[in-house]
Amino acid sequence: MTQLDPSSPANPEGHTPPKGGVSFYQAARGWKSWVFTLDHKRIGIMYLASVLVAFLLGGIFALLVRLELLTPGKTIMSAETYNRMFTLHGAVMVFLVIIPSIPASLGNFILPLQLGAKDVAFPRLNLLSYYLYVIGAVFAIYSMITGAVDTGWTFYTPYSALTPNSVISMTLAVFILGFSSIFTGINFIVTIHALRAPGLTFYRLPLFVWALYATALMQVLATPVLGITLLLLIAERVLKVGIFDPAMGGDPVLFQHFFWFYSHPAVYIMIVPGFGVISELIATFCKKPIFGYRAVALSSIGIAIISFLVWGHHMFTSGQSVVASMIFSFLTFLVAIPTAIKAFNWVATMYKGSIWLATPMLYALAFLWVFTIGGLTGLFLSTTATDVHLHDTYFVVAHFHYVMMGGTIFAFFGGLHYWWPKITGRMYNETLGKWSWVVTFIGFNMTFFVQFIMGAKGMPRRYYNYLPEFGPYHSFSTVGSWILGLGFFLTAYCLLSAIWKGKKAGDNPWGGTTLEWHTSSPPPLENFLTEPRVSGGPYDRT
Amino acid sequence: MTSMMAPSHKHGHDEPHVLPVSVYVAVWAALVVLTGITVYVAHFDFGSWNTIIAVLVATTKASLVSLYFMHLRYDNKFNLLILLGSLMLVAIFFYPTLTDLTTRGLIEPIRDLILPNR
Amino acid sequence: MSTHVMAQHHPAEYQPPHHFPSARAEAEASKVGMWLFLATEVLLFAGLFCAYAAYKTLYPEIFKGAHKLLDLKWGAVNTMVLIFSSLTMALAVRAAQLGQRLNTVKFLAITWLCGAAFMGVKYIEYSHKIHVGLVPGQYYDMLGFTREFLEKFPQTPMSEVERLARGAHLFYGVYFLMTGLHGLHVLIGMGAIGWVLVRAMRGAFSPKFYFPVELVGLYWHLVDLIWIYLFPLLYLVG
Chain A
58 MTQLDPSSPA NPEGHTPPKG GVSFYQAARG WKSWVFTLDH KRIGIMYLAS
108 VLVAFLLGGI FALLVRLELL TPGKTIMSAE TYNRMFTLHG AVMVFLVIIP
158 SIPASLGNFI LPLQLGAKDV AFPRLNLLSY YLYVIGAVFA IYSMITGAVD
208 TGWTFYTPYS ALTPNSVISM TLAVFILGFS SIFTGINFIV TIHALRAPGL
258 TFYRLPLFVW ALYATALMQV LATPVLGITL LLLIAERVLK VGIFDPAMGG
308 DPVLFQHFFW FYSHPAVYIM IVPGFGVISE LIATFCKKPI FGYRAVALSS
358 IGIAIISFLV WGHHMFTSGQ SVVASMIFSF LTFLVAIPTA IKAFNWVATM
408 YKGSIWLATP MLYALAFLWV FTIGGLTGLF LSTTATDVHL HDTYFVVAHF
458 HYVMMGGTIF AFFGGLHYWW PKITGRMYNE TLGKWSWVVT FIGFNMTFFV
508 QFIMGAKGMP RRYYNYLPEF GPYHSFSTVG SWILGLGFFL TAYCLLSAIW
558 KGKKAGDNPW GGTTLEWHTS SPPPLENFLT EPRVSGGPYD RT
Chain B
465 MTSMMAPSHK HGHDEPHVLP VSVYVAVWAA LVVLTGITVY VAHFDFGSWN
515 TIIAVLVATT KASLVSLYFM HLRYDNKFNL LILLGSLMLV AIFFYPTLTD
565 LTTRGLIEPI RDLILPNR
Chain C
1046 MSTHVMAQHH PAEYQPPHHF PSARAEAEAS KVGMWLFLAT EVLLFAGLFC
1096 AYAAYKTLYP EIFKGAHKLL DLKWGAVNTM VLIFSSLTMA LAVRAAQLGQ
1146 RLNTVKFLAI TWLCGAAFMG VKYIEYSHKI HVGLVPGQYY DMLGFTREFL
1196 EKFPQTPMSE VERLARGAHL FYGVYFLMTG LHGLHVLIGM GAIGWVLVRA
1246 MRGAFSPKFY FPVELVGLYW HLVDLIWIYL FPLLYLVG
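Chains as they are written, first to last, in this note's numbering: chain A, 58 to 599; chain B, 465 to 582; chain C, 1046 to 1283.
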């Protein structure tokens, strides 16, 4: 257990806290109790629901893209529709799903609990952040209805400044979503600084909190550059300013600098919260403190800092100067250091641990497997010479799906299963959970592993048609996508059915040590009936 | 680092930290003088130093505003760290971007010398 | 030297939201939040400054030539106005710290008027630029530029003016984007000042609870800080 102060009335034994509080669900009822709520737990749940709906939408786009690629040439849709489909898939998944997935939904719910706080520092800002997310989503949907975007989620100029499609509404959507992300980041940083329970020093924080802190730093410092980039793109379309238009003396590569100055840190905004979840899972299910706690904690901050130095590795073939490419290539290799620190420390924690292979732990193991593949193939791409060959091929697609989907989404699912009893008070069906994990894992690897091979053989990404020699790979990948879809469907059923059919979970079903397991499931309105006091590390067991 | 990260619910010191009016007026006078200086030196052409001088004077003014008007000198040092951190990122943003713009085509002649068959 | 001032009479003891241990903790946390927001503003403008630096690097002659058509006099006046408003804003925060309601209101009102004056001057500048066609991108008027330039600098050789006229739209693009975004921030700042002004008139603030004034002050100073860089870069060196 987290070393609670023995004098604390909250927790004399180190487990079950005093009962008698009503859960936050019962504290208020009716639709107003959700729509106008300032409770971080309800906002977290609203985020979770919205993110999952967006995930369903983005997933449908993905299945349609894969279905189209089942055979060469036209299968179900025209080339124009196909271009819109992969753009929508990318934009929805990146901006509406992965970026808010762990921080805004699980983070919102869990962070104040892990800090022993009653709420986040600025509850109104938190609600505003959620509604900005909704408004952003509305703009994105409006853009889909009015012709959609066919630029790819990267909005590269000069094409994005010229295409007749509704780029502006999609750009505004992303701009607004950016502010939602910034406000969440500000809220989390201040909460972690100001609202920690007495005795909870920085080096006693759970690693999920450290990861959210690093993420929030990147959200706050990188997202504004995306904001100005998108404003410039809008200015380019409306006023024809010419900043990114070579015909008017502008430089389209400058747009890529601007875009990736945000979007590379954004890649870590997506994955670092996943690291945090994995640290929690491994500590709990190996029943051991994380090996090298401080190194893992600080490596999150290290990744946050390095993330700002490497954006040019997306631009090796863009016409960027060779000097800049060499600098960026060198700096990119540095990312491997803090990432490897994490991976090795997780494995070292598992060594001689008493490993409990519950569903969340299975997702953690899957994460280690797919993220290692995703991370190591990143090194191929950061080497300028190999990147010239692999750039804009399916190798890149496979690489970032191993990191974004295999990494972030598996960590997200692991976290969902882990905290589901805390959020709902109910336990999901463990057998069903394990089976859906098996199906998801197989489907994922079938879908994306072959993409490494066909990418290395030269299949370009985002192409509507392909040569017959790529046929078997594409068919295999498409069949894999169906299995993956089935896996997600099973997972959704497993979690949702638990709400109605699941057994009561108890306050601490996993034997977790961090503070959220020291309150009831679901927690009362202000999280703890008595203020917790902390006097030991997050994963210490007595 | 640790002291900056200390939780901010310290008790006591409940009274605000008030600076005398004279400090504010002095800072304002310095800002006016510096504005005069930067306008005056703009009449001379120092070549590429023009921009450097302008930025240096502006930074002096900005430091005065942030340290005194924005109380950073007396405030929680974490706030100063946030500002300096954001400025560091601005530098990180500018430097590689401008390096790219100014070094395009710099290496290619050397490469062609070593690998003439390309 | 600085002084610590005891709380004087104020209407009702301020109660912070229940999740903060004290009013002081709330104020400190809000200030950290505001500084983080200001950091995002710095980086938002950094994009425009980077675009400025990039095109100044690529086209130094054009930037140098085109900036001469900005009105240095109005730019300098606006600088003085904003610096003065920063002073009055700082004094407004000080008055709020001391619980001097009348002074708080007075200084906030002066600051707001300075903001309005700044926007007035910007209106004069913009309408002249738009009138003669010194505007970004497709609305830019090459003839207008040539006419203006020759009127101001009749000695310049025609070939030189023509060369400038062909590229100057990029400078005006950057000029309008930077000053436009800055002007938008002035307007938002005026809105925020108006909000605390009304609250100050109603006597909402006391030496224990004045952080909203302080936060608006920080925002306003940042608007000033950005102008401190915009003015020399655009009006003086180009």
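Don't be surprised by glycine CBs; every beta carbon is placed ideally from N, CA and C.
Because the structure is a prediction, the values reported are computed rather than measured.
The beta carbon of Lys409(A) sits no closer than 9 Å to any beta carbon of chain C. In the DSSP assignment, Ser592(A) falls outside any alpha helix (DSSP H), carrying neither H nor E. The continuous alpha helix (DSSP H) containing Gln508(A) extends over residues 487 to 513.
Against chain C, a Cβ distance below 8 Å from Ile546(B) picks out Val1077, Trp1080, Leu1081, Leu1083, Ala1084. A residue is called buried once 16 or more other Cβ atoms fall within 10 Å of its Cβ, and Leu495(B) is buried on that count. Collapsing the DSSP output to three states places Thr450(A) in a strand. Taking the Cα of Thr144(A) as reference, the smallest distance to any Cα among Val177(A), Trp91(A), Ser217(A) is reached at Ser217(A).
Between Leu274(A) and Gly242(A), the C-beta spacing is below 9 Å. Taking C-beta atoms under 8 Å as the contact rule, Trp1272(C) and Leu1127(C) qualify, at a distance of about 5 Å. Following the DSSP letters along the chain, one finds Asp1269(C) inside the alpha helix (DSSP H) bounded by residues 1256 to 1275.
Per DSSP, the unbroken alpha helix (DSSP H) holding Cys551(A) starts and ends at 528 to 558. Contact annotation, Gly164(A) with Phe245(A): C-beta distance approximately 7 Å; criterion of less than 8 Å satisfied. Cβ-Cβ separation between Leu126(A) and His1064(C): approximately 51 Å, too far for a contact (criterion under 8 Å). Counting C-beta pairs with one atom in each stretch, the stretch 157 to 173 of chain A and the stretch 97 to 110 of chain A have three or more that are closer than 8 Å, which means they touch. With a cut-off of 8 Å on Cβ pairs, the stretch 1079 to 1091 of chain C is not in contact with the stretch 184 to 202 of chain A, counting fewer than three such pairs.
Selection Gly1120(C), Cys1095(C), His1227(C) evaluated against Phe315(A) yields Cys1095(C) as nearest (Cα-Cα). Against chain A, a Cβ distance below 9 Å from His1214(C) picks out Val298, Gly299, Met305, Gly306.
For Trp1240(C), the enclosing alpha helix (DSSP H) starts and ends at 1203 to 1246. A Cβ-Cβ separation of about 18 Å leaves Thr450(A) out of contact with Pro525(A) under the 8 Å criterion. Counting only the Cα atoms, Ser534(A) lies some 10 Å from Gly528(A). For Thr286(A), the C-beta contacts it makes with chain C under 7 Å involve Gly1092, in order along the chain.
The criterion of a C-beta distance shorter than 9 Å is not satisfied by Leu229(A) and Leu153(A).
Between Leu447(A) and the set Val329(A), Ile510(A), Tyr187(A), the nearest pair of CA atoms involves Ile510(A).
Inter-residue distance for Lys525(B) and Met552(B) is about 18 Å (C-alpha atoms, whole angstroms). Counting the other CB atoms within 10 Å of its CB gives Trp1240(C) a total below 16, which places it among the exposed residues. Annotation: Cβ neighbours of Gln1142(C) in chain B (cutoff 7 Å, chain order): Pro480, Val482. As summarised for the stretch 191 to 265 of chain A, the continuous alpha helix (DSSP H) elements at least 4 residues long and confined to that stretch are 216 to 219, 224 to 251, given in chain order. Burial check for Pro1181(C): the Cβ neighbour count within 10 Å reaches 16 or more, so the residue is buried. Taking C-alpha positions only, Tyr1097(C) is separated from Thr563(B) by approximately 15 Å. Three or more Cβ pairs drawn from the stretch 275 to 294 of chain A and the stretch 310 to 330 of chain A lie within less than 8 Å of each other, which places the two stretches in contact. A buried status is given to Ile239(A), since no fewer than 16 other beta-carbon atoms sit within 10 Å of its beta-carbon. By the rule that beta-carbons nearer than 9 Å mark a contact, Gly1262(C) touches chain B. Here Ala405(A) really is in contact with Phe348(A); their C-beta atoms are around 4 Å apart, less than 8 Å. Only those residues of the stretch 106 to 139 of chain A whose C-beta falls short of 7 Å from the nearest C-beta of chain C would be listed, and there are none. Between Val298(A) and Ala304(A), the C-beta gap is not smaller than 9 Å, which leaves the two residues out of contact.
The three-state secondary structure of Val485(B), taken from DSSP, is helix.
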